[in-house]
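To get this note's numbering, take the position in the sequence shown, counting from 1, and add 34. C-beta atoms are modelled at their ideal positions from N, C-alpha and C, and glycine is treated no differently. Nothing here was measured: the structure is a model prediction, and the numbers come from that model. The structure appears right after this line, and notes come after that.
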Amino acid sequence: MDITLERYTYSQLAQLYPAIHDQVFDEQYKAQQPSIIYLIFDGEEKKYVGFLSGYYQDAISFYIQRIGIPRENRGKQRIFGLLRGIEKHLISYGHKFLIGNVEASNNITLLIALRDGWHISGMHTDTSGTLYVRIIKKLEE
């Protein structure tokens, strides 16, 4: 998949980000403020195919708060395909590791992540009591 990435800070997309979020997720935007938002486009037509938002956890690790594909293009495999397609772009921005959380009950996503080179690095619960598996992937140049 030929992918291009456009990088923005939250302040650049503050007005637009809630609509981008709500196009993908069933719950409404709850004022999470990522420091970086990547808009993802496919092919020469520059068709919008999704977004990735988050922040630097440290100097080389990017924590993914949200990654999403519009409803009409959904599928668990597509999310990881999209991540594979943008890894070289993320490396060019200085990211060496990607970190994310998956709900512990989401077995399909966890299996796909493990097959795709992600590793389990821990577990935690959020304030609602939902159990999450923390996953990490080293990006290879």
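Does DSSP classify residue i as helix, strand or coil?
i	result
L132	strand
D56	helix
I94	coil
Y166	strand
E121	helix
S69	coil
Y127	coil
E106	helix
Q99	strand
L173	coil
L50	coil
Smallest Cα separation from residue i: which of the options?
i	options	result
T159	A48, K171, S139 and K130	S139
A147	Y127, K171 and T161	K171
I133	I142, E121 and S126	E121
E106	S45, Y82 and L73	Y82
F96	F131, R112 and N135	F131
S69	A48, Q57 and K80	A48
R168	N141, G156 and L50	G156
W152	L165, E40, Y42 and N135	N135
What are the start and end residues of the beta strand (DSSP E) that includes residue i?
i	result
T43	I37 to T43
R149	That residue, R149, is in no beta strand (DSSP E); its alpha helix (DSSP H) goes N141 to R149.
G77	Note, G77: premise wrong, no beta strand (DSSP E); not H, not E.
T159	H153 to T159
Leaving out five residues before and five after residue i in sequence, what residues of the same chain have Cβ atoms less than 6 Å from its Cβ?
i	result
D150	F114
G77	D36
R100	S87
If you check the beta carbons only, do residue i and residue j fall under 8 Å apart?
i	j	result
Q67	Y44	yes
I74	S87	no
P52	G84	no
I94	H129	yes
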